[in-house]
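Visitor: Before we start, here is the structure in question, set down as structure tokens.
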Amino acid sequence: MFTNSFHLHRSIIVLPEQKKRIVVRNVKSVNDNIRFVIELKSTHRASNLNTRLWTKIDRSVIGNATIPVRAIFGLETRNLQHQPVEYSLETRTDAIKFTEIQLKSPNSMLKARIDKINDNHYKVGFYENNQQPSIVGELNLNNNGAIFEYRNEKLQEIKLHASAEKFNDYEGEINVWHSEESKKIQDARLALQKKTKEIMSKSGEFHQNSFIPDVFRSIFLSHKQIANDIVTTALDEIIKQWTTEQR
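For the sequence shown, position 235 matches number 251 in my numbering, and the numbering has no gaps at all.
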């Protein structure tokens, strides 16, 4: 006989970062922090079916906007050894300084996190099992352009560099390269010129219009293996773990 249950709950919460600074004038903002929990359980003792699906969302008012600062989507079941196993996808943000997404399985944890260092500097890290980030990307903005790089932390090697720089009102450059086996491979180095502020030179138009699509195409192709390592391989491992647990 199956037993099913459904649970829906709403409550007021205090976020961890607010516990140290709760004063009378903050009472209203604390009351704006709401948690929604939705849970579905299904059990069948004869077949060892014991499954729980749940969603937990923490909502907060930041400025004039209502933001889901934390959301968890989870699945809990039992393996053939009658031990509970859990899989979950979690996102967190403060809508100001950081955003992260985390994927958990019984034997592994993968996380991607974006940190805002300041208005001109952003950092992206990919983590596995709470260790130091294996891949780190950084975006730096300045008055003359932008530079993005990501590197392999274990090898201390820059894997991709992309920059756009304006030298003056009439000249600029786009530079894109990546590395394979410690060798630098130039994907694009494009000089742009203007005859005036309103008219682009003929050579500049030609390169800008026809070459930039090829640049991005080469970047995507050259990083196919990296994308597979980050996404495909990781998800395959989690799916294999889940399949093994159910056998």
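Yeah, the Cβ is synthetic: ideal placement off N, Cα and C, and Gly gets one too. Computed from a predicted structure; not experimentally measured.
1. Please list the terminal residues of the continuous beta strand (DSSP E) segment that includes leucine 157.
2. Between arginine 94 and proline 84, is the Cβ-Cβ spacing less than 7 Å?
3. Which same chain residues end up closer than 6 Å to glutamate 55 when comparing Cβ atoms and leaving out the 5 residues on each side of it in sequence?
4. Classify serine 121 as buried or exposed, calling it buried when 16 or more other Cβ atoms lie within 10 Å of its own Cβ.
5. What span of residues does the beta strand (DSSP E) with asparagine 49 cover, start to end?
6. Measuring only the C-alpha atoms, how far is phenylalanine 89 from asparagine 49?
7. Residues bridged to aspartate 185 by DSSP?
8. Rank Glu173, Ala207 and Leu171 by C-alpha distance to the C-alpha of serine 179 and give the top, closest one.
9. Could you check whether glutamate 181 and asparagine 159 sit closer than 7 Å to each other, using their CB atoms as the reference points?
10. Suppose you measure from the CA of isoleucine 38 to the CA of isoleucine 28; what does that come to, to the nearest Å?
11. Mapping the DSSP letters down to three states, classify serine 63 as helix, strand or coil.
12. For serine 219, which residues from the same chain have a beta carbon less than 8 Å from its beta carbon, with the 5 sequence-adjacent residues on both sides left out?
13. Please report how far the alpha carbon of serine 21 lies from the alpha carbon of lysine 57, in whole angstroms.
14. With H, G and I counted as helix, E and B as strand and the rest as coil, what does DSSP make of glycine 90?
Guide: So, from the data block:
1. Taking the first residue of the sequence shown as position 1, residue 157 is located at position 141. Run containing leucine 157: 151-158, per the beta strand (DSSP E) assignment.
2. Here the question's residue 94 lines up with position 78 in the sequence shown. Here the question's residue 84 lines up with position 68 in the sequence shown. No. Outside cutoff.
3. Start at 1 with the first residue of the sequence shown, and residue 55 comes out as number 39. Cβ neighbours of glutamate 55 beyond the five flanking positions: His23 and Trp70.
4. Stepping through the sequence shown from its first residue, residue 121 is reached at position 105. With 16 or more other CB atoms across the displayed protein chains lying within 10 angstroms of its CB, serine 121 is buried.
5. Position 33 of the sequence shown holds residue 49. That residue, asparagine 49, is in no beta strand (DSSP E); it is neither H nor E in DSSP.
6. Against the sequence shown, residue 89 aligns to sequence position 73. Against the sequence shown, residue 49 aligns to sequence position 33. About 19 Å.
7. For the purposes of this step, residue 185 is taken as residue 169 along the sequence shown, with counting starting at 1. Paired residue(s): none; aspartate 185 is not in a bridge.
8. Translated into positions along the sequence shown, residue 179 becomes position 163. Closest by alpha carbon: Ala207.
9. The residue given as residue 159 occupies position 143 in the sequence shown. The residue given as residue 181 occupies position 165 in the sequence shown. No, Cβ-Cβ distance for asparagine 159 and glutamate 181 is not below 7 Å.
10. Taking the sequence shown and counting its residues from 1, the one referred to as residue 38 is at position 22. Taking the sequence shown and counting its residues from 1, the one referred to as residue 28 is at position 12. Confidence at isoleucine 38 is low in this model, with a pLDDT of 48, below 50, so its placement is unreliable and the value that follows should be read with caution. A direct Cα-to-Cα measurement between isoleucine 38 and isoleucine 28 gives close to 14 Å.
11. Position 47 of the sequence shown, counted from the first residue, corresponds to residue 63. If DSSP states are grouped into helix, strand and coil, serine 63 belongs with the helices.
12. The sequence position of residue 219 within the sequence shown is 203, counting from 1. Note that serine 219 scores 44 on pLDDT, short of 50, meaning its location in the model is unreliable; the coordinates nonetheless yield the value given after this. The answer, listed in chain order, is Gln209.
13. Here residue 21 is taken as the residue at index 5 of the sequence shown, counted from 1. Here residue 57 is taken as the residue at index 41 of the sequence shown, counted from 1. Distance between the alpha carbons of serine 21 and lysine 57 is about 5 Å.
14. Residue 90 sits at position 74 when you count from the first residue of the sequence shown. Here glycine 90 sits in strand by DSSP.
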